[in-house]
Amino acid sequence: MLNTNKQQYSQLATKHEKKRPILLNCVRAFIIGGLICVVGQAISFFYMFYFDFTEQTVGDPTVATLIFITMLLTGFGIYDKCAQFAGAGTAVPVTGFGNAVISAAMEHRSEGFVQGVGANMFKLAGSVILFGVFSAFIIALIKTTLIQLGVIG
Amino acid sequence: MKIGKQSWSFQQKPVISSSATVTGPFEGKGAIANKIDLIHKDLYMGQPSFEQAHQQLIEDACQLTVQKASIRYQEVDLFISGDLINQMTPTNFAARHHHIPFIGVTNACATSIGALALSALIVDSGNAHYILTGAASHYAAVEKQFRYPTEYGSQKPPTAQWTVTGAGFGLVSQIGQGPRITKATIGRVMDLNQTDPFNMGGAMAPAAADTILTHLEDHQASVDDYDLIVTGDLGEIGQSITIDLLKSQQVDIPTKKWVDCGLSIYKADQNVYAGGSGAGCSSVYLYSQLLDALNKQELNRILVIATGALLSPLSTLQKQSIPVIAHAVTIESEAI
Numbered sequence: 001m002l003n004t005n006k007q008q009y010s011q012l013a014t015k016h017e018k019k020r021p022i023l024l025n026c027v028r029a030f031i032i033g034g035l036i037c038v039v040g041q042a043i044s045f046f047y048m049f050y051f052d053f054t055e056q057t058v059g060d061p062t063v064a065t066l067i068f069i070t071m072l073l074t075g076f077g078i079y080d081k082c083a084q085f086a087g088a089g090t091a092v093p094v095t096g097f098g099n100a101v102i103s104a105a106m107e108h109r110s111e112g113f114v115q116g117v118g119a120n121m122f123k124l125a126g127s128v129i130l131f132g133v134f135s136a137f138i139i140a141l142i143k144t145t146l147i148q149l150g151v152i153g
Numbered sequence: 001m002k003i004g005k006q007s008w009s010f011q012q013k014p015v016i017s018s019s020a021t022v023t024g025p026f027e028g029k030g031a032i033a034n035k036i037d038l039i040h041k042d043l044y045m046g047q048p049s050f051e052q053a054h055q056q057l058i059e060d061a062c063q064l065t066v067q068k069a070s071i072r073y074q075e076v077d078l079f080i081s082g083d084l085i086n087q088m089t090p091t092n093f094a095a096r097h098h099h100i101p102f103i104g105v106t107n108a109c110a111t112s113i114g115a116l117a118l119s120a121l122i123v124d125s126g127n128a129h130y131i132l133t134g135a136a137s138h139y140a141a142v143e144k145q146f147r148y149p150t151e152y153g154s155q156k157p158p159t160a161q162w163t164v165t166g167a168g169f170g171l172v173s174q175i176g177q178g179p180r181i182t183k184a185t186i187g188r189v190m191d192l193n194q195t196d197p198f199n200m201g202g203a204m205a206p207a208a209a210d211t212i213l214t215h216l217e218d219h220q221a222s223v224d225d226y227d228l229i230v231t232g233d234l235g236e237i238g239q240s241i242t243i244d245l246l247k248s249q250q251v252d253i254p255t256k257k258w259v260d261c262g263l264s265i266y267k268a269d270q271n272v273y274a275g276g277s278g279a280g281c282s283s284v285y286l287y288s289q290l291l292d293a294l295n296k297q298e299l300n301r302i303l304v305i306a307t308g309a310l311l312s313p314l315s316t317l318q319k320q321s322i323p324v325i326a327h328a329v330t331i332e333s334e335a336i
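Protein chains in written order, with our numbering: chain G, 1 to 153; chain R, 1 to 336.
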């Protein structure tokens with residue numbers, strides 16, 4: 001029978017645990033994340049050059065195009081493999097949000113459109129929307145208060 | 001017959017008279033692919049969902065096992081098996097297919113050996129002539145339930161493990177030719193306050209060490225009595241912790257005598273992080289590679305320990321620590 005206790009064991013387990021290579025992960029995330037942004041910038045320039053978009057209005061079609069590309073990459077099973085390499089580099093840009101929604105929709109297709117796809121599509125991304133909107137509300141509240149008080153213009 | 005505190009010794013020595021394994025495509029590119037009976041080319045296996053594909057794995061492996069033994073389903077007295085999916089539907093649904101009296105058991109990844117020990121006990125006591133037993137897991141069905149959608153891009157830590165898509169089944173018989181089950185030890189649930197669901201090896205190591213020590217104590221055996229000690233899915237991290245735990249209790253297993261199924265199913269370049277895992281991990285390796293070696297008498301006495309982490313996604317989110325278990329059986333070749 002094994003003779004050990006929680007403290008002893010936790011020390012032993014920590015000793016053998018392989019740590020995440022944080023520095024390497026940061027470098028990879030920087031490179032791949034940056035690369036995705038470069039592609040996004042190129043798409044923006046494309047819309048501004050060939051279509052009637054300005055720097056202010058080009059955001060929407062650029063995001064839509066990036067998400068469309070993500071959809072294809074997720075569907076063909078490439079995005080998750082890139083993500084294992086890139087980590088935050090593929091999670092933080094809008095493509096990561098797209099991947100979270102699309103992968104959940106695909107995964108739950110077998111349970112039908114309403115209770116499957118509909119109910120589970122925002123399983124992962126839902127909290128991003130909730131806390132994103134909530135934070136925006138708080139920030140807007142602070143800004144309005146400061147304007148009313150005459151602190152900022 | 002009960003031996004010591006947690007162990008059984010089987011007087012009639014039930015035989016594993018036939019066995020079969022079925023896997024998915026990724027395992028088909030692995031290190032033991034040539035020992036697998038059926039390798040599906042696609043993760044869906046011709047089914048509309050991953051859960052049904054999981055069921056297909058079980059149905060295929062059961063059918064092949066019975067076919068190889070040249071008997072019919074009607075002659076099998078019991079079907080004892082289980083899996084990791086909610087309410088065990090893949091196994092339950094597969095069991096409606098062949099109409100064999102059925103007991104579902106589940107101890108997470110320790111299911112394979114728990115079910116085998118139970119089958120041996122029932123056959124040994126003369127309460128069944130043939131029992132079909134084994135376990136299965138399916139990568140995508142397990143990921144979907146326990147982690148994220150299959151195609152979701154999350155970066156897994158180096159301690160994570162890869163769920164084996166596969167099923168391994170064997171026919172435990174009163175008579176016949178093949179490797180014999182001689183001893184078993186039923187594990188107890190341990191909990192040493194490990195909470196990381198991406199480090200199963202670290203959670204399961206104490207259960208493996210406890211069951212190995214209890215088995216050796218109960219049967220008054222030593223490591224030298226065995227040609228090979230096989231653990232289910234401890235992986236790299238769990239194995240190294242178990243080595244240290246056993247050393248602290250004066251049990252030293254030489255590395256050449258120790259095989260972990262999770263580290264033996266895939267090739268080194270397949271990048272499965274810390275190793276394979278899942279209920280199918282130990283069963284696929286046992287019912288293909290190990291039984292083959294026992295049949296050829298390359299191995300004569302082995303101890304197989306399967307470990308299981310008894311968590312659910314809910315228990316993890318509710319910040320509960322991970323209870324773990326391990327069961328062991330001794331299998332001997334006909335040469336002994």
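Idealized CB from N, CA, C, for every residue including glycine.
Annotation for Lys183 of chain R: the continuous beta strand (DSSP E) segment containing it runs 180 to 185.
Proximity to Asn86 of chain R across R:Glu143, R:Ser70, R:Ile122, R:Gly46 peaks at R:Glu143, based on C-alpha coordinates. Here the alpha carbons of Leu118 of chain R and Ser248 of chain R stand approximately 31 Å from one another.
Take the alpha-carbon of Tyr9 of chain G and the one of Ile69 of chain G: they are about 47 Å apart. With a threshold of 16 other beta carbon atoms within 10 Å, Ala13 of chain G meets it and is buried.
Taking all protein chains in view, the Cβ of Glu298 of chain R is surrounded by fewer than 16 other Cβ atoms within 10 Å, so the residue is classified as exposed. Selection G:Gly126, G:Val128, G:Glu111, G:Gln84 evaluated against Ile32 of chain G yields G:Gln84 as nearest (Cα-Cα). Checking the DSSP bridge columns, you'll see Ala309 of chain R partnered with R:Val324. Lys183 of chain R counts as buried, since no fewer than 16 other beta carbons sit within 10 angstroms of its beta carbon. Here Thr307 of chain R is near Ala208 of chain R, since their CB atoms are less than 8 Å apart. Three or more pairs of CB atoms, one per stretch, sit closer than 8 Å, so the region 234 to 247 of chain R contacts the region 193 to 201 of chain R.
Put simply, of R:Leu213, R:Phe10, R:Gly46, R:Ile103 the residue whose alpha carbon is nearest the alpha carbon of Thr133 of chain R is R:Ile103. Straight through space, the alpha carbons of Asp227 of chain R and Pro254 of chain R are spaced by roughly 11 Å. Residues of the same chain with a CB within less than 7 Å of the CB of Arg301 of chain R, apart from the 5 flanking positions on each side, are Asp225, Tyr226, Asp227, Thr330, Glu332, Ile336 in chain order. For Ala13 of chain G, a Cβ of chain R is located within less than 8 Å of the residue's own Cβ. Judged by beta-carbon spacing, Ala279 of chain R lies within the 8 Å limit of Cys109 of chain R, meaning their Cβ atoms are closer than that value.
In the three-state scheme derived from DSSP, where H, G and I count as helix and E and B as strand, Ile39 of chain R is classed as strand. Around Thr214 of chain R, the same chain offers Gln6, Thr185 as residues with beta carbons nearer than 6 Å, after the five sequence neighbours per side are excluded. In this chain, Ile131 of chain R is not harboured by any alpha helix (DSSP H); it is covered by the beta strand (DSSP E) spanning 130 to 137.
For Gln115 of chain G, no Cβ of chain R is located within less than 8 Å of the residue's own Cβ. Shown in chain order are the members of the region 148 to 163 of chain R whose Cβ falls below 8 Å from a Cβ of chain G: Tyr148, Pro149, Thr150, Glu151, Tyr152, Gly153, Ser154, Gln155, Lys156, Pro157, Pro158, Thr159.
Annotation for Lys257 of chain R: Val223, Tyr226, Asp227, Leu228, Ile229 place their beta carbon closer than 8 Å to its own, counting only its chain and skipping 5 residues before and after. Of the candidates G:Leu149, G:Gln148, G:Val92, the residue whose Cα lies closest to the Cα of Ala125 of chain G is G:Val92.
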